[in-house]
Amino acid sequence: MSDDFVSRLRLELREAAEREARRGPVRRAARTVRWDVASPPVLAATALIVAVLVAVAAGGALRGRDATPPVGTQPHVVAEATLVGTGGALEAGFGSVWAADNGTGEVLRVDPETRRVQARIRVGGQPTMRAAAGAIWATAEGRLTKIDPATNRVAARIDLRLTPRQPADAVPGRGVLWVITPLELLAVDPRGDEVTRRIPIARAGFQAASYTFDAGAIYVGRPDGVLLTFDTRTGARTSRVRVGLDAFLMAAADGRLLAATANGVAAIDPSSGRVVWQRDIGAQRVNTTTITGDGGLWVHGTDARTGRDRLWRMDARDGRVTGSLGLREFGVTGFAAVGDDVWTVSPPGRLVVVR
């Protein structure tokens, strides 16, 4: 999964989780993501600081730090530049990188080799983006905007019947596009450009707190410890289990869900909720994750020892750390795998490309 997240949806999901968790035993909070639509004061103060309620659980999990990677495999910066005026979401697709400028409400099409802007498309708001069903889909201000990558023009604007501040994010499906909010899944016909179905995912006051997806399923975590799985073709709920760890879903890989914990990452079996492995990477908080084309799991977070942001490269199979890199830029609004590289954008709009 990561971002993605970061887009604005994950901030609202986390805030919902925090409100619920204040009534329970989970108390630890800290994390940064690109999804930020809390309130105007918060937007003005920071585009990324959010709360995620996490606690480290035992139960057969793999523990211990592994922060010393093999010699000669360290990640390194290959490019730095100012990409946008105000940092926003990133998405790779159709041979390009798509970057949101949260200051102008534009989506920029960027050449991944030269990093030059090829087109600017006005969508408004602070959009999250997804490449799916032959288009780039941007969600912002209660609507879904379809961008045709062949023309770099807006092909459709779909009213989602959401309030302008209600978070939403597009999720690719099989023959359908899904939009997830804290309360429901919306099925969108990518050919007819209309919402065809709404599926509730909240229950007894517990809204969605985090989510991720793969080709076959959408996974939704709630603050009551329930993990829901939905089929990406039909929207049918295929599983409901309880997770033995308080964590925030970030990505899916090799049939496992990767989730942020208080100081690292854990892998969860979605069919049982069992924690497969858990790794303390020495993070003060984990911000977001992505998976590169070569299968590497990359984690953006704040180093507990230095207080500075850092990237960790991990093996998604067992949580082993295979490399790390300290960053000069603070905060992350966009984080995406572009081939085997990782692109990260900070709130002031600075791009750092890591290989």
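Note that my numbering numbers the sequence shown so that position 214 is 485, with each residue one more than the last. All C-beta atoms in this analysis are idealised placements derived from N, C-alpha and C, irrespective of residue type, glycine included. These figures come from a predicted structure and were not determined experimentally.
Since residue i sits in a beta bridge, which residues does DSSP pair it with?
i, result
"V609", "D612"
"H571", "T559, L582"
"G594", "R584"
"A404", "Paired residues: none, contrary to the question."
"L379", "A370, R391"
"T542", "As written in the sequence, residue 542 is Ser, which differs from the Thr given in the question. DSSP output for S542 lists no bridge partner at all."
"G535", "D551"
"T527", "For the record, residue 527 in the displayed sequence is Arg; it is not Thr. According to DSSP, which records beta bridges pairwise, R527 is partnered with A524."
"D502", "A488"
"T577", "Paired residues: none, contrary to the question."
"T399", "T410"
Tell me whether residue i sits in a helix, a strand or coil according to DSSP, three-state version.
i, result
"F365", "coil"
"E351", "strand"
"V497", "strand"
"V625", "strand"
"A360", "coil"
"Q549", "strand"
"R599", "coil"
"R511", "strand"
"T385", "coil"
"E289", "Interpretation of E289 is limited by its pLDDT of 45, a score under 50 that renders its predicted location unreliable; the figure taken from the coordinates is listed afterwards. If DSSP states are grouped into helix, strand and coil, E289 belongs with the helices."
"G564", "coil"
Cβ of residue i within 8 Å of Cβ of residue j?
i, j, result
"G503", "G487", "The question names Gly, but residue 503 is Thr in the sequence shown. Yes; because the gap between Cβ atoms is below 8 Å, this pair is in contact."
"G492", "L520", "yes"
"A607", "I562", "no"
"I429", "R414", "yes"
"A402", "L448", "no"
"Q345", "L596", "yes"
"R545", "V536", "no"
"R258", "V349", "The question about residue 258 has no answer here: the residues shown for the chain are numbered 272 through 626."
"A371", "Q397", "yes"
"L529", "A587", "yes"
"D419", "A406", "yes"
"G376", "S617", "no"
"K417", "A411", "no"
"I451", "I489", "yes"
Any beta-carbon of chain C closer than 8 Å to the one on residue i?
i, result
"V497", "The question asks about chain C, but that chain is absent: this structure has only one protein chain."
Problem set entry | Segments assigned beta strand (DSSP E), at least 3 residues, entirely inside the region 449 to 495 | 455 to 460, 465 to 471, 481 to 484, 488 to 492
Problem set entry | Whole alpha helix (DSSP H) elements within the region 408 to 455, 4-residue minimum | none
Exercise. If we count Cβ pairs, one from each stretch, closer than 8 Å, do we get three or more for the region 545 to 559 versus the region 568 to 577?
Worked result: yes
Exercise. Per the contact definition of three or more C-beta pairs closer than 8 Å, is the region 525 to 535 in contact with the region 460 to 471?
Worked result: no
Problem set entry | Inter-stretch contact (C-beta, 8 Å, three-pair minimum) for the region 432 to 446 and the region 377 to 394 | no
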